[in-house]
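Residue numbers for the sequence shown, in full-length UniProt numbering: 1 to 192. Just so it is clear, CB atoms sit at the ideal spot from N, CA and C, and this is done for glycine as well. Quantities reported herein were computed from a predicted structural model and do not represent experimental measurements.
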Amino acid sequence: MSSKKVTDVRALKAYAHPLRIRLDRALIIAQTATATQLAEMVDEPVSLVSYHLRKLAEHGYIEEAPSQGSDGRERWWRPAAEVFDMHWKDFSDYPEGVAAYVGAGQQVIQARMQSLLGYVGQQAAWPQEWAASAFGSGRLLKLTHEELQEMAEEAAAFCDRWTARSRAAEESGDGRDREHVELQMYGYPFKP
1 MSSKKVTDVR
11 ALKAYAHPLR
21 IRLDRALIIA
31 QTATATQLAE
41 MVDEPVSLVS
51 YHLRKLAEHG
61 YIEEAPSQGS
71 DGRERWWRPA
81 AEVFDMHWKD
91 FSDYPEGVAA
101 YVGAGQQVIQ
111 ARMQSLLGYV
121 GQQAAWPQEW
131 AASAFGSGRL
141 LKLTHEELQE
151 MAEEAAAFCD
161 RWTARSRAAE
171 ESGDGRDREH
181 VELQMYGYPF
191 KP
């Protein structure tokens, strides 16, 4: 899978729903799943999950996957890409685009922060080696917009390298203890 650029305001609006974001995250983790399986993962009714999955598919975020050996009565889904790139510059020329970008961005960040806060609350329940390996870091820098862009490109390359390494290790079946890890990085200007 690759990255997919989102430039359509309708697609951006379609994604900006808390349950759709949760379903997207759950499907990325599962790789392939049915509406029933995803409903269990997000603790929502199957009919509601099915509706939101169809909306995600309609806008190209997910796609049907080959049946996984079931009786064929239930659809299997998979992510249509590993990463969906949504950039301000693609929506900043008109008010509806700005509103959609802001709304989607806020929903995505809320979902990420809920995940992070959930981990912080459960960190003590993880084995010592996992709790000790987790990290959080913040820096306050003074950069030009060109330097911030360069940093964004380096961060993307860093994430791509670790994604490839993770995928290769998992596909090799190396038998090592692996857990899902969420990496969040943000770089943005602010006024103190």
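_For a test of the three-state rule: what should DSSP assign to residue 203, helix, strand or coil?_
Because the chain here runs from 1 to 192, residue 203 falls outside it and cannot be looked at.
*asked:* Between Ala14, His180, Ala26, which has its C-alpha nearest Trp130's C-alpha?
replied: His180
*Measure the alpha-carbon distance for Val102 versus Ala134 and round it to whole angstroms.*
30 Å
_Backbone secondary structure at Val6 - three-state DSSP_ = strand
*Local conformation of Pro95 per DSSP, three classes*: helix
*Name, in chain order, the residues that DSSP records as bridge partners for Met86.*
Val6
*chain D beta carbons: is any one of them nearer than 9 Å to that of Lys142?*
The structure shown contains no chain D, having only a single protein chain.
_Assigned exposure category for Val120 - 16 Cβ within 10 Å defines buried_ = exposed
*Within the chosen definition, does the region 50-66 reach the region 80-93 through at least 3 CB pairs nearer than 8 Å?*
yes
*Candidates Met41, Ala132, Val98: which alpha carbon is nearest Ile29's?*
Met41
*Report, in whole angstroms, the separation of the C-beta atoms of Thr32 and Trp76, which I expect to be a contact under 8 Å.*
5 Å
*Is the distance from the Cβ of Ala14 to the Cβ of Lys55 below 9 Å?*
yes
*Inter-residue Cα distance where the pair is Gln110 and Glu170*: 29 Å
*Mapping DSSP to helix, strand and coil, what is Glu74?*
coil
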